[in-house]
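*Asks:*
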Amino acid sequence: VLNQSSTVADMFSLGWGAGGDAWVWQRQMWAWEEEMLGEFQVLLHDFLV
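Numbered continuously in my numbering, the sequence shown closes out at residue 1360.
#1: Quick check: what's the CA-CA separation for E1350 versus S1324?
#2: Where W1327 and W1343 are concerned, what is the direct C-alpha to C-alpha distance, given to the nearest angstrom?
#3: Please state the DSSP three-state secondary structure of V1360.
#4: Does DSSP put S1324 in a helix, a strand or coil?
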């Protein structure tokens, strides 16, 4: 169930911050996936700031 009223602070407290447990993957990512994730995180950070 998606809670659309969650705030960024709520998500951060649940482990979605940088290095949080929510970012633990089930398998090791390929190099291109890691690169794309890094680019996405930069874009998301720029958008939120």
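Glycine included, every Cβ here is placed at the ideal spot set by N, Cα and C.
As the structure is a prediction and not an experimental result, all values here were calculated from the model.
*Replies:* To lay it out plainly:
#1: On the sequence shown, residue 1350 is found 39 positions in, with the first residue counted as 1. On the sequence shown, residue 1324 is found 13 positions in, with the first residue counted as 1. Rounded to whole angstroms, E1350 to S1324 spans 23 Å at the Cα level.
#2: Walking along the sequence shown from the start, residue 1327 turns up at place 16. Walking along the sequence shown from the start, residue 1343 turns up at place 32. Looking at the two C-alpha atoms, the distance is approximately 22 Å.
#3: Reading the sequence shown from its first residue, position 49 is the one you call residue 1360. When DSSP states are grouped into helix, strand and coil, V1360 belongs to the coil group.
#4: As a first step, residue 1324 is located in the sequence shown; it is residue number 13 there, counting from the start. Looking at S1324 - three-state DSSP - the assignment turns out to be helix.
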